[in-house]
Amino acid sequence: MLTQSDLFLAAAGFLSGLIKTGVGVGSGLVLLPTLALIFPAKVALGLGAPMLLASDIIGLHYYWKQWLPRRELARLFLAIIPGLFTGIVLLPMIPGKAFRIGVGILGALYALGMLWPQFPVTTLLKKGFGKLNAHCGDSEEQNRKGAYFYGFLGGLSTVLAHAGGLVWSLYLLTAARDRRVFVGTTVILFFVTNIYKTISYVWIDIISLSALAQVIPAIPMIFIGSYLGNIVNKRCNHLLFRKIVLCFIFFVSITLCV
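Just so you know, the sequence shown maps onto residues 1 to 258 in my numbering.
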């Protein structure tokens, strides 16, 4: 018999799948704070990895080989690997309560910044990353620097908060101008890193093998959400859908901070 937690996981998984293939960025930032409403934040982080991985599998079907050229993708992965290792070392050192509040703050700032471009924090970040991107332009050397910087930072962020997509998107905005390539690249990045995270979270006792079994009832809903997300990406108003997602992220994240 399905429990309330199972139903909650299924609903969260559906949203994650919908956003993963529909928008390409933000699925982790929806899933983590949503799960943290009923699970301890680090457990929510651990449960999120296999759920995101399930949506990655169907995402690969829809976006197979619709990603960056092999050489550019390899650069990103070379930088992501040390970021992943660094994140796994740091994660056990962060207290649970501080981690929960941090997840809430990150999600709220992200959503607010995307909804309100003039938000002071967003303005400062845009200036900072704008200067950085000026040094990571279209030339071969500049592109390499951008891949290494954003790859490492994204690897670290995805382990700590499933927020790697946010960081990688800053690089992909210039490296992958086609929307399908943008989403396809994030899907392959997520697929590989979520395999690593699922194994690593068990290894450092964030979650147990028995806890992973809780994800199984949610998998069908993840697949349904991923299927509908692909339709949204092709046919629906992309900007409106994105704003709805951001509003949801903001209100759920604020709940974690109070």
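Heads up, the beta-carbon is just placed ideally off N, CA and C, and yes, glycines get one too.
Put simply, of G22, L37, A111 and L172 the residue whose alpha carbon is nearest the alpha carbon of W67 is L172. In the three-state DSSP reduction, C236 falls in the coil class, being neither helix nor strand.
Counting along the chain, Q118 sits inside no alpha helix (DSSP H), nor does DSSP assign it H or E at all.
Sorting I19, I38 and A79 by C-alpha distance to the C-alpha of G146 places A79 at the top.
Distance from V89 to F241 at the Cβ level is roughly 37 Å; contact not present, criterion being Cβ atoms closer than 8 Å. Secondary structure of K65 (DSSP, three-state): coil. Secondary structure at T3: coil, using DSSP grouped into helix, strand and coil.
The alpha-carbon separation between A54 and Q118 amounts to approximately 36 Å. Scanning its chain for C-beta atoms nearer than 6 Å, with the 5 sequence neighbours on each side dropped, one finds around I58 the residues F223 and S226, in chain order. The C-beta distance from K65 to G229 rounds to 19 Å, too long to meet the 8 Å contact threshold. S27 is positioned such that its CB atom lies closer than 8 Å to that of L52.
Excluding residues up to 5 positions away in sequence, F8 lie with their Cβ nearer than 6 Å to the Cβ of I38 in the same chain. About 17 Å separates the CB atoms of G184 and V167; that is not less than 8 Å, and the two are not in contact.
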